[in-house]
Every structure is written in C-alpha cells, then in structure tokens.
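Worksheet for the structure shown next.
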Amino acid sequence: MNIATWFSNITTNYSWIMQVIVVLAVTTLIYFVETIVYRSIVKHFEKTKRIWDDLLLHTLHPPFIFLVWLIGLTEVANIIKIASPAFKILNLTSMIRQIGIIIFVVWVIMRFIKQIGERLVHPAYCKRPLDKTTVDLITKLLVLSVAIVALLGVLQQFNVRISAILALFGGGAIVLGFGAQSLLTNFFGALMVYMDRPFSVGDWISSPDKDIEGTVEQIGWRSTRIRTFDKRPLYVPNAIFSTVAIQNPSRMTNRRIKTTVGVRFQDAPKIAAIVADIDAMLHNHPDIDTRQTCFVRLNEFGENSLNILVYTFTKTTEWVKFQAVQEDVFLKIIDIIYNKHSAAMAFPTRTLELPATLINKMKG
C-alpha cells in the first residue's frame, strides 16, 4: 500500500477527524484575528474623547472570545457525535450551546452596566460626575435583576417549571427567613445606607459606640469595607449601622482649634493686652474662618495659671493642612506672650512658706 492509498483510506473512513481539525483551526484563527484587531482598535479609540466606542469594545471583547470558542467546541462535539454515536453525552450539545448563548448575552449586559457605572462617576469621562454611592446601588440592582432573569432562562432550558419554583419559594419563605435572618438584616442595612446616605465611598467615618474608624472603600450587600488609618481592611456588617451612631468627618465644613493657654499670675497686668493681641491675630489670619465662632477670653483662674481660652475654626478641613495652620497659630501665640509682652506661660509650681524664726535659724 502506497502513501496515496493510505491517505485516501484515512480521509474516507476518518473524515470527521479532518472536519474537527478544520473547525479547531478556524476557531483558533478567528480568536487570534479578533485579539489583534481589538488591540489595534483600542489604541486608536483611547486617543479620542469619545467614551462610547471604547466602552463597547471593552464590553464585547471577553464575551465575544467566549462565544467564538463556545460555537467552535460545540460544533466539534456535533461532528464527533455524528461520527461516533457511542458518545451519548454529546447529545447535550444543543442545550450547552443555548445555555452558553444565555451566558454570553448576560455577560455582555453586565459588563455594559458596570462600564457605564464606572464612567458616570469618573471625572475623565463625565463633566459632572454622579454620586458614586447612588451609581453603585443602581448598578448592583440592575446586575441582580439581569442575573435573576438569566437564572430563570437557564432553568427553562432544563425544563424546570418556573411556577413550581415560585411556589416553592413562597412556601419556604418562613424557613428561609429564619435561616437567613442575619443575611437579610445585613441586606436591608445596606439598603438603608444607600437610601439615607450617612456616608459614601471615599468618606472618612468613625463611631463613638464601636471601634470603627477609617475610609469607606466599598459598600456591599452584606458588609462594608473600611480601610483603617494603619491600612488594615475592616469589614463591618451592614446591620451594625442601624444600631450605632456614625460620625462623618469628611462632611465637615471647618476644623476647630480649641485650646487653653496658661499665663503666670505675676503677668496678670498684661493679660488684657495679651488677650486682645491673640484675638486680633486670629481675626487677621488668612487661614482662619472669621465667619465662624472666633474668640479669645480669660475664662479661668487655674491652680497655677491664668487660663486663656482660644476658640476658632480653620478654613481647611484637610488633616495635614489643619495641623500646619494650628501649629502656626500656636507659634504666634507664643510670640505674643514671650516677645511682645515679655510674659511667660505657666507650669505647675509649689510655693513653700516658712516661718521667719525657722528661716533665721537656718541662716544662723
């Protein structure tokens, strides 16, 4: 038998192998061509100011690759099934393809929703970015709705009656309620956070009732992720927020400077002038918000000092800038007391009074 005859027998008896090879080769070729075209087009569209063209590209790229391989592999399965009926499991090819198409459509819709959400809150894509927390809520609700519809569609492919499932959920609602009480509590806690909006993603929050303080990174359906100031993630169940008080320093309009300055009793004659100069310094300071409460008063006769209360607000709310402004105010107060009025700040002292006779004896 020569090579030509052998090859003829192979192609006649095992033609399905050639078909499988051709289908796999075409599928692989389409995959590589799509990847190359995608990369070249993306580089071009990213240079433009239009957002919808690159949005569609980013949305369709991974699902399209999935669809290409889904069609290619299911076609291979059909070829093998026809050539060898012994592979009965391949009779499910049609159902697998239908489910795969549902997954493809759902994947595209979910990616499209998320891509739109990311662009609506990003200043680079939107002139007036929307609130991140609101967009996040709407995005999650839309994704959840799409997932439920897709699940019902997949169940129909398995000939599962939707009405029976709804009846099952209706009959087991009480059992589900008791079994998932904690989960449901956290879920409704998340809804309350989204509706009341005591804080948003990116806010610095703290609680006087719990050891909670940090920057909000993500508001999930079950818990909220907070990044503490030592950079550790803190996961707080959403139900907690309905039972504790929450402070949101990120929404401050000003930061407060409140301090007490103690001056020596022997500088009492200079107190009025010191108070007046500190008050004038604050009202002329460029970083002090004089529209807010701002005063300097002698408010207490302390055990070791005459105490002056300094109370004012800065224009900035940023922590680092506030520290710089507060330091500048304190240094100016020191300069007024020591350099301008030749007075001094007090510190705890004790005066020991001795009888004159005892002093004379000690001298003698």
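Each residue of the sequence shown is one higher than the one before, counting from 54 in the numbering used here.
Glycine is no exception: its CB is placed at the ideal position from the N, C-alpha and C atoms.
In the structure shown, what three-state DSSP assignment does residue 244 receive?
Here the question's residue 244 lines up with position 191 in the sequence shown. Helix at residue 244.
Given a cut-off of 7 Å on the beta-carbon distance, is the pair residue 366 and residue 345 in contact?
Here residue 366 corresponds to residue number 313 of the sequence shown, with the count starting at 1. Here residue 345 corresponds to residue number 292 of the sequence shown, with the count starting at 1. Yes, the Cβ-Cβ distance between residue 366 and residue 345 is below 7 Å.
Do residue 253 and the ligand GDP come close, with the Cβ less than 6 Å from some heavy atom?
Among the components of this structure there are no ligands whatsoever, and the ligand GDP is therefore not found.
Quick check on the burial criterion: 16 or more other C-beta atoms within 10 angstroms. Buried or exposed for residue 396?
Here the question's residue 396 lines up with position 343 in the sequence shown. Label assigned to residue 396: buried.
Measuring straight from C-alpha to C-alpha, what distance separates residue 152 and residue 249?
As a working mapping, residue 152 is identified with position 99 in the sequence shown. As a working mapping, residue 249 is identified with position 196 in the sequence shown. CA-to-CA, the gap between residue 152 and residue 249 works out to about 40 Å.
Just how far apart, CA to CA, sit residue 169 and residue 162?
Counting from one through the sequence shown, the residue named residue 169 turns up at place 116. Counting from one through the sequence shown, the residue named residue 162 turns up at place 109. As the crow flies, the alpha-carbon of residue 169 is around 11 Å from that of residue 162.
Residue 89, enclosing alpha helix (DSSP H) - first and last residue
Residue 89 sits at position 36 when you count from the first residue of the sequence shown. That run of the alpha helix (DSSP H) goes 68-98.
Please determine if the region 322-334 and the region 257-273 are in contact, where contact requires at least 3 C-beta pairs separated by less than 8 Å.
With the cut-off at 8 Å, the region 322-334 and the region 257-273 do not touch.
Would you mind stating whether residue 242 and residue 295 have Cβ atoms separated by less than 7 Å?
Start at 1 with the first residue of the sequence shown, and residue 242 comes out as number 189. Start at 1 with the first residue of the sequence shown, and residue 295 comes out as number 242. The Cβ-Cβ distance between residue 242 and residue 295 falls below 7 Å.
Are at least three pairs of beta-carbons, each pair with one atom in the region 274-284 and one in the region 327-346, less than 8 Å apart?
Two segments are said to touch when three or more pairs of C-beta atoms, one from each, lie closer than 8 Å; by this definition the region 274-284 does not touch the region 327-346.
According to DSSP, which residues form a beta bridge with residue 280?
Taking the first residue of the sequence shown as position 1, residue 280 is located at position 227. In DSSP, residue 280 forms a bridge with 268, 286.
What number of angstroms, rounded off, separates the C-alpha of residue 37 from the C-alpha of residue 370?
Not covered by the structure: residue 37. The range shown for the chain is 54 to 417.
Check residue 402 in the structure and name its three-state DSSP category.
Along the sequence shown, read from residue 1 onward, the residue named residue 402 stands at position 349. Assigned with DSSP and collapsed to three states, residue 402 falls in coil, not helix or strand.
Taking just the CA atoms, how far does residue 167 sit from residue 201?
As a working mapping, residue 201 is identified with position 148 in the sequence shown. As a working mapping, residue 167 is identified with position 114 in the sequence shown. About 17 Å.
If you check the beta carbons only, do residue 375 and residue 308 fall under 7 Å apart?
Taking the sequence shown and counting its residues from 1, one reaches residue 375 at position 322. Taking the sequence shown and counting its residues from 1, one reaches residue 308 at position 255. For the 7 Å CB-CB criterion, residue 375 and residue 308 form a contact.
Using the C-alpha atoms, what's the distance from residue 330 back to residue 354?
Locating residue 354 in the sequence shown gives position 301, counting from the first residue. Locating residue 330 in the sequence shown gives position 277, counting from the first residue. C-alpha separation (whole angstroms): 20 Å.
One question on the structure: do residue 239 and residue 290 come within less than 7 Å of each other, judged by their Cβ atoms?
Position 186 of the sequence shown, counting from 1, holds the residue named residue 239. Position 237 of the sequence shown, counting from 1, holds the residue named residue 290. A contact, by the Cβ cut-off of 7 Å.
For residue 335, the three-state DSSP class (helix, strand or coil):
On the sequence shown, residue 335 is found 282 positions in, with the first residue counted as 1. Helix.
Using a Cβ-Cβ cut-off of 6 Å (strictly less than) and excluding sequence neighbours within five positions of residue 120, which residues of its own chain qualify?
Taking the sequence shown and counting its residues from 1, one reaches residue 120 at position 67. Correct list, in chain order: 157.
Taking just the CA atoms, how far does residue 180 sit from residue 368?
Reading the sequence shown from its first residue, position 315 is the one you call residue 368. Reading the sequence shown from its first residue, position 127 is the one you call residue 180. Between residue 368 and residue 180, the alpha-carbon positions lie close to 27 Å from each other.
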